[in-house]
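Structure, as structure tokens:
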Amino acid sequence: MSTLLFFHVLVATVVVGALIATAVAARFDLWDLARRAALGALAATIVAIGLGEGLAADAGVHAGWLDASRALAAFGLLLGGGLLVVLTGPSRVRRLAAPTAALLVLVGLATAFVMAAKPS
47 MSTLLFFHVL
57 VATVVVGALI
67 ATAVAARFDL
77 WDLARRAALG
87 ALAATIVAIG
97 LGEGLAADAG
107 VHAGWLDASR
117 ALAAFGLLLG
127 GGLLVVLTGP
137 SRVRRLAAPT
147 AALLVLVGLA
157 TAFVMAAKPS
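Written out as structure tokens, the structure is:
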């Protein structure tokens, strides 16, 4: 179980790092880098959610904090990551990519806080 937890935390860290890279690249109009970082963040989010579900199934945990983190990850990071990929593509609304990525970084940090604090 500790190996699964290690990879879950590692991939979640990659998600936040890729979102930060997307925000910085979009801010400086480096759209190729921003798009690749957004795609990486989206792929890492899918992997992190899968690892988290495997971890929850192995531990047999059913709690409110886990449901909250699932909602933040699925609706915030997964759907927001898909939106970010669209925004970093060839579109007229590219100016929204950097603020969206910054907002998703905050969602990622909130998800990490809920997972670490495990409030009841």
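Numbering (this note's numbering), first residue to last: 47 to 166.
Yeah, the Cβ is synthetic: ideal placement off N, Cα and C, and Gly gets one too.
Residue environment, residue i, which counts as buried when at least 16 other CB atoms sit within 10 Å
| i | result |
| --- | --- |
| V107 | exposed |
| A144 | buried |
| G96 | exposed |
| V139 | exposed |
| S48 | exposed |
| S115 | buried |
Where the alpha helix (DSSP H) containing residue i begins and where it ends
| i | result |
| --- | --- |
| R116 | 110-117 |
| P145 | 143-163 |
| F53 | 48-73 |
| G126 | 125-134 |
8 Å Cβ cutoff met for residue i and residue j
| i | j | result |
| --- | --- | --- |
| L87 | L65 | With the sequence shown as reference, residue 87 is identified as Ala, and Leu is not the correct amino acid for it. Against a cut-off of 8 Å, the Cβ pair of L65 and A87 comes out as a contact. |
| A110 | V153 | The sequence as given places Gly at residue 110; Ala does not occur at that position. No. Outside cutoff. |
| G128 | R81 | no |
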